[in-house]
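Position in the first sequence (from 1) plus 10 gives the number in my numbering. Don't be surprised by glycine CBs; every beta carbon is placed ideally from N, CA and C.
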Amino acid sequence: MISFKILKKSKKSRARLGVLKTPHGEVQTPAFVPVATLGAVKALTFDSARRTGAQLLISNTFHLHLRPGEQIIKKMGGLHKFTSWDRPLMTDSGGFQVFSLGFGGEHGMGKILKEKSGLQIKKGDQPKTIKIRENGVEFRSPINGEKLFIGPKESIKIQESLGADIIYAFDECTSPVADYEYTKKSIETTHRWAKESLKHHKSKQAIYGVVQGGRFKDLRIESAKFIGALPFDGFGIGGEFGDDKKAMSQMLSWVVDNLPEEKPRHLLGIGYLEDMIPAIKSGVDTFDCIVPTRFARHGIAFTRTGRLDLSKTIFLKDKNPLDKKCKCEVCKTHTRSYISHLFRAKEINAMELLTFHNLYYFNEYVGEIRKLIKSGKI
RNA sequence: GCGCAGGUGUCAGAGUGGUCAAAUGAAGGAGACUGUAAAUCUCCCGCCUAUACGGCUACGAAGGUUCGAAUCCUUCCCUGCGCA
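Have a look at this one:
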């Protein structure tokens with residue numbers, strides 16, 4: 011089980027400072043949650059991940075079910091023992107894959123709408139590659155194409171075998187091009203699955219319910235009220251978040267105002283650095299995102315002066331560290347020149363160094379935000 | 001000197017009479033990425049431009065054959081290997 015203690019509530023916003031206690035230690039919130047989809051922070055050892063200041067990781071039910079399979083992990087003593095990660099851990103339910111392997115993949119879009127596409131998902135529409143049924147989803151394995159079925163019952167069973175500290179109810183993450191009627195129907199499904207998830211939940215792990223509702227105010231509120239009234243230990247906020255930054259804060263406030271105040275809230279799959287303060291001010295306690303890790307593998311470093319693309323030749327002549335003020339071990343020891351060279355030469359160290367720095371920087375950034383809440387500035 | 005093989009865009013390397021500014025890589029350039037099918041993906045990459053199924057210049061050099069040549073012929077230059 012977990013417990014969540016709110017240490018301070020901001021007078022200026024919905025932001026709050028807290029401590030999330032889990033069987034594997036405490037998390038100072040607000041906290042950034044690095045993603046370890048397959049039971050690894052890509053490019054890093056867990057020892058390194060700890061040194062970046064990572065407090066809590068999120069792994070993925072769908073992907074671990076496919077490979078190596080939850081039975082293997084259970085036999086190895088659960089995810090913590092299997093991986094050697096000894097700090098708090100959560101597993102996502104596979105709900106995001108309903109989107110990413112469904113409409114998301116089909117339409118070639120993420121959950122943040124970049125440009126008007128003219129596409130619209132209407133009530134009754136189904137993605138081509140997967141089928142969303144009453145009790146779950148017929149997936150196709152991205153590895154070998156085999157059919158598999160995951161619903162709330164399956165997801166919870168898998169997550170119980172994996173044994174993370176916090177698990178999630180199975181949900182449908184909706185597309186930014188889903189229309190009102192589709193989204194309305196979808197939250198009915200997500201709500202039904204939430205109750206089913208609770209029904210099949212037998213372990214002592216904490217379980218979070220997931221709020222959906224797309225960009226529609228009444229649906230977000232309805233979903234928050236419904237999920238918030240169920241006996242979950244905390245709440246995930248998922249789905250699309252509109253096509254501009256203001257919209258996200260707006261949508262989060264609709265949701266947060268209708269969730270129980272004393273329970274932790276996790277914003278699923280957001281954010282960029284610039285999303286953090288708005289999300290935290292909207293009352294979010296934890297949030298995960300693949301950005302620092304994936305972008306690192308694509309050559310991008312996040313710094314106080316913006317993003318740097320280390321694949322550019324210009325950095326070969328740059329003696330500076332990635333970020334002059336950063337105290338991380340990468341910035342203390344390496345130049346942009348060297349890291350750029352490694353990246354361009356496709357040395358895997360480049361990914362390690364960039365991933366380390368990015369995670370350190372993200373964690374540091376949230377740490378600063380915690381200080382701002384503490385000192386009453388946010 | 002003789003024999004053999006060969007000289008293609010920044011590089012490597014296809015192409016052996018038209019559909020060739022020339023496959024494919026690489027290098028180079030630009031962009032994307034928000035609960036990870038992502039060490040991935042997209043675009044540009046001879047020059048000019050009104051950016052188009054446009055113009056120009058190009059496949060070692062110079063001539064030639066042909067309606068048409070990177071592709072065939074002649075000479076020359078150069079490179080590699082072998083033999084003297």
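Exposed unless 16 or more other CB atoms sit within 10 angstroms - verdict on residue i
i	result
Ala239	exposed
Lys121	buried
Glu357	exposed
Glu262	According to the sequence displayed, residue 262 carries Leu and not Glu. Answer is buried; the Cβ neighbour count reaches 16.
Asn373	buried
Ser171	buried
Ala46	buried
Phe159	exposed
Lys381	exposed
Met86	exposed
Arg346	buried
Ile82	exposed
Gln169	buried
Gly279	buried
Ile176	buried
Gly223	buried
Ala355	exposed
Pro186	buried
Pro241	exposed
Glu144	exposed
Pro270	exposed
Glu156	exposed
Lys291	buried
Asp96	exposed
Ser13	exposed
Ser127	exposed
Ile349	buried
Identified DSSP bridge partners for residue i
i	result
Thr247	Here residue 247 is Ile; the residue named in the question, Thr, does not match the sequence. Looking at the DSSP assignment, Ile247 forms a beta bridge with Val221 and Leu277.
Tyr178	Tyr218
Ala188	Ile131
Leu208	None; Leu208 has no bridge partner.
Ser13	Lys31
Lys157	Arg150
Lys19	Arg26
Thr101	Ser69 and Ile177
Phe42	Phe297
Residue i - containing beta strand (DSSP E), residue span
i	result
Gln38	Gly35 to Thr39
Gly28	Arg26 to Thr32
Gly316	Gly316 to Asp319
Ile142	Lys141 to Arg143
Lys106	The displayed chain sequence assigns Phe, not Lys, to residue 106. Run containing Phe106: none in the beta strand (DSSP E); it sits in the alpha helix (DSSP H), Gly105 to Ser110.
Phe312	Ile310 to Thr313
Close-in-space but distant-in-sequence residues of the same chain around residue i (CB under 6 Å, 5 per side omitted)
i	result
Leu277	Ile247, Ala289, Val294 and Phe297
Pro44	Val51, Ala64, Leu67 and Leu369
Phe112	First, the residue type needs correcting, since residue 112 is Gly and not Phe in the sequence shown. Only Pro137 and Ile140 meet the Cβ criterion.
Gly309	Asp319, Leu320, Ser321 and Phe353
Ala59	Val51
Asp333	Thr313, Arg314 and Cys341
His210	Lys163 and Ile166
Ile300	Val45
Contacts around residue i, its chain only, beta-carbon distance under 7 Å, and the 5 residues preceding and following it disregarded
i	result
Lys195	Lys133
Ala174	Ser69, Leu89, Leu99, Met100, Thr101 and Gln215
Gln130	Val187 and Asp189
Gly35	Arg97 and Pro98
Ala41	Gln65, Leu66, Thr296 and Val376
Val265	Val221, Arg230, Ala234 and Ile247
Endpoints, alpha helix (DSSP H) assigned at residue i
i	result
Asn373	Ile358 to Lys384
Val340	Glu339 to Thr343
Glu164	Pro162 to Leu172
Thr402	Residue 402 is absent from the model: the chain starts at 11 and stops at 388.
Asp333	Segment: none, Asp333 is in no alpha helix (DSSP H) and carries neither H nor E.
Asp228	Lys227 to Ala239
Val266	Lys255 to Val266
Pro78	It is not in any alpha helix (DSSP H) - Pro78 carries neither H nor E in the DSSP assignment.
Pro288	Leu283 to Lys291
Glu125	Segment: none, Glu125 is in no alpha helix (DSSP H) and carries neither H nor E.
Glu272	Here Glu272 belongs to no alpha helix (DSSP H), and DSSP marks it neither H nor E.
Gly115	Phe113 to His117
Asp96	Careful: Asp96 lies outside any alpha helix (DSSP H) and carries neither H nor E.
Leu48	Element bounds for Leu48: n/a, residue is neither H nor E.
Any 3 or more C-beta pairs closer than 8 Å across the stretch 50 to 62 and the stretch 354 to 366: yes
Determine contact between the stretch 188 to 204 and the stretch 87 to 101, defined as no fewer than three beta-carbon pairs at a distance below 8 Å. no
Three or more C-beta pairs below 8 Å linking the stretch 325 to 344 and the stretch 75 to 87: no
Within the chosen definition, does the stretch 219 to 230 reach the stretch 200 to 211 through at least 3 CB pairs nearer than 8 Å? yes
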